[in-house]
Every structure is written in C-alpha cells, then in structure tokens.
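Single-structure report; data block below.
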Amino acid sequence: MIDRLAFQALPPARRAALIYGEAQAEMSQRLWRAALGPTGRSDQEDGGRLPSFDSDTRRANLDSLLALLGESAPSPAAPSAPAKPAVHASSPTTASVEVDGLGPNQIHAPALRTAAARTGIPATALAAIVDAEAGKDSSGRWQTLSRNPRSSAAGLGQFLSRTWEGMAETQGTWLNALASANGWLGGNGQVLASARANILALRYDPTAAINGIADYARRNLDGLERAGVNIDGAESGTARLAYLAHHLGLGDAIRFLRHGGLDEHRARTLLHAQVGSGDSGRRIAQAGTATAAHRNWLLGYVDHHIDAGRFARTL
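In this text, residue positions in the sequence shown follow my numbering: the first is 1, and each later residue adds one.
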C-alpha cells in the first residue's frame, strides 16, 4: 500500500518517478482529451496501454470470440446484424492451474494466486492480463510504474483514474475493503477528495493492482454472462474474454461481441487512440470501415498477446 508514510519511505528516485509520472500523465491526458473531443467512453475507456502492431500484422478472425456466442463471424464487407446471445447455464470459472512461466515476474506469483483464490479467476488469466497491459523492461519484467501518456491509465493493470475510484467504491472488492478500513470513503460510499491521491497511488502497488484486475475481471465476466455470453470456464477463453472487457469496458465489450465490432465513431476513436492517426487511417482504408479496422486490430492483439497457457505449469 502506498500511503503518505510509505511514500516518504520510498527511495528518492522512485518518489521522483511517481511525482513526475502523475504530473506528466495529467497534462498528457488533458491534451489528449482536448484533441479527441467528447467520445462517450465506457467503463474502462480505451483500456490502457496497447502497443500497435507493425504494418504486416495479419487480419484477425472474429470466430475465436464470437464462437462463444454461438455465431460465426460476420462479413466485414457489410454491416452485420446483431448476433443473438446464447442462453446457457452458469458455469463459474475456477483457479485450478497455478501460475508458471513468470520468469522475472515470479515475485508476483503469491499475489496472483491469492487474488485467483478469492475471485475464482484463474491465476494464469490474471497473469496474461497483466502481461498484456503493463510495460516491461528489456528482461520482460513488469513495470509497476507503467503509465500511458495518452490517458490516465497507470500501473500493472493500466487502470484509468475513474475506473480505479469506481473499484474503491464498489462493495466486495479488495480495494473497497482497504479504502473503508483507511477512512477514505464518505458516508455516501464515494471516495473523499482528500483521499483521492492515496487511492490513485495504489495503482502502482503490484498487490493492489493484481487484486483490482481480479475484481474487475470478476465483475466483467459476470456481466458478460448476464448478457448471454457463454463463459465456459476454459482458462484460455476466460482470459481472452476478461481481457477484452478489461480493455473495452463491459458495455463496449458486450456491444463488440453482439455486433462483431463497435460503431464507426467509437471504433475510429479507440483505434486512433491506440495506434495514432496515421496508422489508424491506413488501417481503416485497408479494411473499408473503422469498425472492421478496429476489430481486426483488437482481435489480432488478443490472439497475439493473451495466452494463459504460457503461464501454466508444464511437467
């Protein structure tokens, strides 16, 4: 936990990095939001740091995700009709596979296992989300001070400021319990203005970030299931769906799965935010629509980066 006393105890270099990162990100966020204008973002807005693919990235296939809805991928050449969600029996995920293959991130294994046991989200799925979201050094070590210069996304989970505060205000989450114990919430259950900095700083604490990822994934998977998405309990599918909702936010994730993508304006905004104006324009021209271009890019990223199996123990 990074409170005032803990902050003062940090080495000067790390304190300076935190202060500079917050100031830089706040200014970058204002400039970025001013450039984008109103976007009507959902829960997790642009979902954090996602590096762009190179120009030769293959076109992703919707089948791998839409199969969970019992529908085949719509043709990108024409607008698709909304897919009818499948009705299914509840089958909660389990955390039966231990984390392995963490390499230099083995230090985070206890937190991953504890969060998995508490929420029922597989530890391997949590590791896959962190690995896709957090910045890394040359050795592959997750950088706890990761920041997205184009938004407020921060930490191992790249949580936006408002999303993180929302987790602190949501009863039953790890962060809510901590905030309540520290007196950081008002009588209405909302974050006190005087406590906002303390709560946001916790995004840089790996234990807090991992527990936040687990709680957010649990909420999102439950929401997807209520919307008719088949959460079958397989760790690979759970990791991909949890990441998709982590990145897009629950509302956009449901729309993405039902309709094979987001509307043109939303898709263009998100793609621009992730790969820049030049690359997004090229991708849109190549795909024919912003919806198809964003879908191809996002599913390509998921296919390439979200692999819970690489963290499973191999005998």
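A virtual CB, placed ideally from N, CA and C, is assigned to each residue, including glycine. Quick caveat: nothing in here was measured; it's all calculated off a predicted structure.
Here E235 has V97, P122, T124, A125, A308 as same chain residues with Cβ atoms under 7 angstroms from its own Cβ, once five neighbours each way along the sequence are excluded. Residue range 264-275 is occupied by the alpha helix (DSSP H) that includes T269. Annotation: the continuous alpha helix (DSSP H) that includes S161 extends over 161-168. Its chain contains F159, T173, L175, N176, G212, D215, Y216 as the residues whose beta carbon lies nearer than 8 angstroms to that of M167, once the 5 sequence neighbours on both sides are disregarded; these appear in chain order. DSSP places I107 outside any alpha helix (DSSP H), giving it a letter other than H or E. Take the alpha-carbon of V191 and the one of L112: they are about 26 angstroms apart. Of all alpha-carbon atoms in P149, E225, G300, A116, the one lying nearest the alpha-carbon of G276 is that of P149. For I306, there is no enclosing alpha helix (DSSP H), as DSSP marks it with neither H nor E.
Looking at the backbone, the Cα of I254 and that of G281 are separated by about 25 angstroms. Rounded to whole angstroms, the gap between the alpha carbons of A245 and G187 is 30 angstroms.
In the same chain as G155, and ignoring 5 residues on each side of it, the C-beta atoms closer than 7 angstroms to its own belong to T144, S146, R203, Y204, A209, in chain order. Across the set Q106, A132, R162, Q171, the C-alpha of Q171 shows the shortest separation from the C-alpha of R219. Annotation for G101: R310, F311 place their beta carbon closer than 6 angstroms to its own, counting only its chain and skipping 5 residues before and after. DSSP places N220 in the uninterrupted alpha helix (DSSP H) bounded by 206-226. Your pair G189 and E169 checks out as a contact, with CB atoms roughly 6 angstroms apart and the cut at 8 angstroms. Secondary structure at R147: strand, using DSSP grouped into helix, strand and coil. Excluding the 5 residues flanking it on each side, G140 has same chain C-beta neighbours closer than 8 angstroms at G103, P104, N105, in chain order.
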